[in-house]
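The sequence shown begins at 226 in the numbering used here and counts up by one.
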Amino acid sequence: MDPRLPFLWGLLLCVLYLLCFLYLFQYRQTGSALGLGLFGDVGPFWSWFYFPFRSILYKPVSLFGMEGLFGGEEDGLPSGPSLFWVLLFLGSSCALAEVWAFRRLSRLGGTALAKPQLLFLKVATSLVLGSLLIPLAGFSFPLALPALWGYLTYASDRSFELLLPFVLLSSLLFSVGAELSQGLAMAFASFVSCGYFWWVSSRFAFGRVKVYAHAITSGALAGLAYSLASWNPGVVLFSAFASSAWHLLWCVVALVSLPLLEGLFDLISPFRLMELADPSHPLLRRLQMEAPGTYYHSLVVGNMAEMAAEALGLHGMLVRVGAYYHDIGKLKRPSFFVENQGGGENVHEKLSPFMSCSIITSHVSHGVELAKQYGLPSCVVDFISQHHGDTCLSYFYKKALAEGAVSVRREDFCYPGPKPMKKEVALIMLADSVEAAFRSEERRISGFDSIKGLVKEVIMNKHKEGQLDRVDFTFRELDLISEAFARVLMGAHHSRELKPLVEGEEGTSPLRLKGAGGG
Numbered sequence: 226m227d228p229r230l231p232f233l234w235g236l237l238l239c240v241l242y243l244l245c246f247l248y249l250f251q252y253r254q255t256g257s258a259l260g261l262g263l264f265g266d267v268g269p270f271w272s273w274f275y276f277p278f279r280s281i282l283y284k285p286v287s288l289f290g291m292e293g294l295f296g297g298e299e300d301g302l303p304s305g306p307s308l309f310w311v312l313l314f315l316g317s318s319c320a321l322a323e324v325w326a327f328r329r330l331s332r333l334g335g336t337a338l339a340k341p342q343l344l345f346l347k348v349a350t351s352l353v354l355g356s357l358l359i360p361l362a363g364f365s366f367p368l369a370l371p372a373l374w375g376y377l378t379y380a381s382d383r384s385f386e387l388l389l390p391f392v393l394l395s396s397l398l399f400s401v402g403a404e405l406s407q408g409l410a411m412a413f414a415s416f417v418s419c420g421y422f423w424w425v426s427s428r429f430a431f432g433r434v435k436v437y438a439h440a441i442t443s444g445a446l447a448g449l450a451y452s453l454a455s456w457n458p459g460v461v462l463f464s465a466f467a468s469s470a471w472h473l474l475w476c477v478v479a480l481v482s483l484p485l486l487e488g489l490f491d492l493i494s495p496f497r498l499m500e501l502a503d504p505s506h507p508l509l510r511r512l513q514m515e516a517p518g519t520y521y522h523s524l525v526v527g528n529m530a531e532m533a534a535e536a537l538g539l540h541g542m543l544v545r546v547g548a549y550y551h552d553i554g555k556l557k558r559p560s561f562f563v564e565n566q567g568g569g570e571n572v573h574e575k576l577s578p579f580m581s582c583s584i585i586t587s588h589v590s591h592g593v594e595l596a597k598q599y600g601l602p603s604c605v606v607d608f609i610s611q612h613h614g615d616t617c618l619s620y621f622y623k624k625a626l627a628e629g630a631v632s633v634r635r636e637d638f639c640y641p642g643p644k645p646m647k648k649e650v651a652l653i654m655l656a657d658s659v660e661a662a663f664r665s666e667e668r669r670i671s672g673f674d675s676i677k678g679l680v681k682e683v684i685m686n687k688h689k690e691g692q693l694d695r696v697d698f699t700f701r702e703l704d705l706i707s708e709a710f711a712r713v714l715m716g717a718h719h720s721r722e723l724k725p726l727v728e729g730e731e732g733t734s735p736l737r738l739k740g741a742g743g744g
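Spelled out as structure tokens, the structure:
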């Protein structure tokens, strides 16, 4: 990604901040919001529907003592030039925070479920809707706005999700003269909405989580308002009902818009990850039927890589999904890969080293083609294209040298690359190599220490070959990876004694299966 893009996104967002805050500044000074006249004179364009709307809304509002929704006295907060400079400071501070966020996401490259474009869309949506609808809908709207933020959190990075909505929406509330109780309720709503949506496990859980988050937020708001004695119980009840309506609206909007966002920005939300990890996915079904050995290999690699990812604090589910699809290119010629030969004849014995190398390395490009054909996200395609880096197939290279082939070049026996550029992809490369080495040496290995020794040897070989040059693994992290891989392999490499099927039955005898790994 162009290093200038984060600054361009930040500059654009800074302009948007200033426009929204200037609009709210104008509203505070004139009492007019886009000519709607809800707080001042009615603009001619809106007069045809404004008076019926106001007559319908004003009566229930007045019953709960909320006449101030349609205008009120000065709240004692900064006004005039001082308010302008306060809003300018808030907008600039938020924009600088966004520039930092964009730079961080650019380094991550979107693999951690985040992209600068989505962050910009999220902040811009909150700004524009907040600026336009806070004057129109009163306090009930900003209470519901964190729900939208929580929905969009599901397709974004979480490191700054709890801070920015509080700063952003509190700035909007402050600019229209909100009270301290409203700002505190807004902060609590932001934390609850974002925090709860981290635990959503399916699209159908959206509504249930929304109810939980809103119930907690409304209860906190009611207690806060009562303790501060700034609102009477009727006002709190009315605000709770109004906020519920906004939450319901945003729930519908989010359910409809999230798939669109996933397609528009090439995002991969946890919902999408769970769909891709489903064994009934067409590609995984094909692997099960056409290349069962590759499918089992992918499952083991997924278990290893996910445990290592969790040890490093990476996204385990994303790594698991990448492992499931990293070898789908083998579907084109499954019998040419040893895990699918079932102990039968090795077809490569009848082929030249050059032909064998061409067939094996081509599974990367075939996998990329299949991924695009089935519409897999780009971050999953990265696992397919990078999981071998530019590793050399040394067996066929040495075989070609031994046969005395003319003009043998090492480069002709290497994968096309590129090398892994993210830690998640590098984990798949390491797990893939370790699993293959373990499978070939399984009968000669016993005990956790010997397994861990093999794992460390494979990882250090990859490091010496330069395959990890583009990822910044520390030696401590490599040790954690070795530990995680060894534990998973130890669970697969176990022996146990089987007792007779029926004790004392004639014709039966104790059986012992060593290293079977059976269930």
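C-beta atoms are modelled at their ideal positions from N, C-alpha and C, and glycine is treated no differently.
Residue i and residue j closer than 8 Å at C-beta
i: Lys-624; j: Pro-578; result: yes
i: Val-650; j: His-612; result: yes
i: Leu-508; j: Tyr-550; result: yes
i: Pro-495; j: Met-542; result: yes
i: Val-526; j: Ala-502; result: no
i: Val-605; j: Ala-596; result: yes
i: Leu-492; j: Leu-485; result: no
i: Met-646; j: Lys-687; result: no
i: Leu-556; j: Arg-510; result: no
i: Asn-528; j: Val-713; result: yes
i: Ser-587; j: Phe-621; result: no
i: Lys-644; j: Asp-607; result: no
Where the alpha helix (DSSP H) containing residue i begins and where it ends
i: Lys-597; result: 578–598
i: Glu-702; result: 700–717
i: Gln-566; result: First-last for Gln-566: undefined, no H or E at that position.
i: His-522; result: 517–537
i: Ala-502; result: Element bounds for Ala-502: n/a, residue is neither H nor E.
i: Lys-687; result: 673–690
i: Asp-607; result: 603–611
i: Leu-543; result: 541–550
i: Arg-635; result: No alpha helix (DSSP H) contains Arg-635, which DSSP labels as neither H nor E.
i: Asp-657; result: 648–666
i: Ser-619; result: 619–627
Residues of its chain near residue i, where Cβ-Cβ distance is below 7 Å and the 5 sequence neighbours each way are ignored
i: Ser-583; result: none
i: Pro-559; result: Glu-515, Ala-516, Thr-519, Asn-565
i: Leu-703; result: Ile-684
i: Gly-642; result: Gly-614, Asp-615
Euclidean distance between Cα positions of residue i and residue j
i: Ser-665; j: Glu-628; result: 25 Å
i: Asn-571; j: Ser-619; result: 18 Å
i: Arg-497; j: Ser-632; result: 48 Å
i: Leu-705; j: Tyr-640; result: 27 Å
i: Asn-565; j: Ile-553; result: 13 Å
i: Glu-690; j: Ser-671; result: 28 Å
i: Arg-701; j: Leu-693; result: 15 Å
i: Val-593; j: Arg-635; result: 24 Å
i: Ala-711; j: Ser-482; result: 42 Å
i: Leu-576; j: Val-546; result: 34 Å
i: Arg-668; j: Pro-504; result: 30 Å
i: Ile-585; j: Phe-561; result: 8 Å
i: Gln-513; j: His-591; result: 18 Å
i: Glu-574; j: Asp-657; result: 24 Å
i: Cys-617; j: Leu-626; result: 14 Å
i: Gly-600; j: Ser-610; result: 15 Å
i: Gly-567; j: Tyr-521; result: 13 Å
i: Gln-598; j: Gly-569; result: 32 Å
Beta-carbon proximity list for residue i, same chain, < 6 Å, skipping 5 on both sides
i: Met-715; result: Phe-673, Ile-676
i: Ala-709; result: Met-532, Ala-533, Ala-536
i: Val-544; result: Ala-530, Glu-531, Ala-534, Glu-649, Leu-652
i: Arg-695; result: Lys-644, Met-646
i: Phe-638; result: Cys-582, Cys-617, Leu-618, Phe-621, Tyr-622
i: Phe-663; result: Leu-714
Contacting residues, own chain, Cβ-Cβ under 8 Å from residue i (five flanking each side not counted)
i: Ser-707; result: Lys-677, Val-680, Lys-681, Ile-684
i: His-506; result: Glu-500
Classification of residue i by the beta-carbon crowding that lies within 10 angstroms, buried from 16 upward
i: Tyr-379; result: Residue confidence is low: Tyr-379 scores 46 on pLDDT, short of 50, so the model does not pin down where it sits. Its coordinate-derived value is still stated next. So Tyr-379 counts as buried.
i: Leu-489; result: exposed
i: Leu-539; result: buried
i: Asp-697; result: exposed
Cβ-heavy atom distance, residue i to the ligand GTP, below 7 Å
i: Ala-627; result: Ligands in the displayed structure: none, and consequently the ligand GTP is not present.
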